[in-house]
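Okay, structure first, notes after.
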Amino acid sequence: MYLSFGVLLGALSWGILQSDPYYGTDYSPPPGMSCLLEDANKYFRKFLSPEDKLEILEISEEDLDHELKDFIENHPICRMWNEWGNPPEFAFTSMFTPMPSKRDFIDLSALHRNTMQRILDDEWHWQKFNEEFEKEWAATGTASVGHVF
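With the first letter of the sequence shown counted as 1, position 57 gets the number 58 in this note's numbering; the numbers rise by one all the way through.
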């Protein structure tokens, strides 16, 4: 898979916000989020080819899944988020569970899953777009559109 840093960091941002159970009227992103994104930007650069000027990652879905999980589980900011409020070993929630009145822990497996799902959703939508574009414009001889996400 080809993945831009914009999509990767955007998916991680989305995953963080989706995994944060706190929705107070004075909501703000979890503390340290911008530092975490900067560190992710640095961490995933090891997958760039030295000659790559576009800064597009070429990485398999399995490798991305493994590296993302490793990054999330071992980053000190993620560990801090996960340890807020002495999280229970198991917690059951539903749509009827009241919203926390203060910051609660962020489940790192949910953060990992939400981020990967967002990346895979982006990939699927671009594949659909490219297929439809090719069908619509193939008869005109127009050059095909390539997408790197």
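Heads up, the beta-carbon is just placed ideally off N, CA and C, and yes, glycines get one too.
Residue i, buried or exposed, once every other Cβ within 10 Å from all chains shown has been counted against 16
i: Gly-16; result: buried
i: Phe-130; result: exposed
i: Asn-75; result: exposed
i: Ser-20; result: buried
i: Thr-116; result: buried
i: Trp-125; result: exposed
i: Ala-12; result: buried
i: Cys-36; result: exposed
Identified DSSP bridge partners for residue i
i: Ile-57; result: Ser-5
Cβ-based neighbour list, residue i, same chain, cut-off 8 Å, excluding 5 preceding and 5 following
i: Leu-152; result: Lying before the first or after the last residue shown, residue 152 is absent from the chain, which here runs from 2 to 150.
Supposed close pair residue i, residue j - CB separation, criterion 8 Å
i: Arg-104; j: Trp-85; result: 6 Å
i: Met-2; j: Ile-73; result: With a Cβ gap of about 19 Å, Met-2 and Ile-73 do not count as contacting.
i: Ser-14; j: Leu-38; result: 6 Å
i: Leu-49; j: Glu-56; result: 6 Å
Continuous alpha helix (DSSP H) stretch holding residue i: start and end
i: Ala-140; result: Run containing Ala-140: none; DSSP gives neither H nor E here.
i: Asp-71; result: 62-75
i: Ser-35; result: 34-44
Residue i at chain B interface by Cβ criterion, 8 Å
i: Glu-59; result: Of the protein chains in the structure, only one exists, and it is not chain B.
Close beta carbons around residue i, own chain, < 7 Å, minus the five adjacent residues each side
i: Ile-107; result: Ser-20, Asp-21, Pro-31, Trp-82 and Asn-83
i: Pro-77; result: none
i: Leu-1; result: Given a span of 2 to 150 for the chain in the structure shown, any question on residue 1 remains unanswerable.
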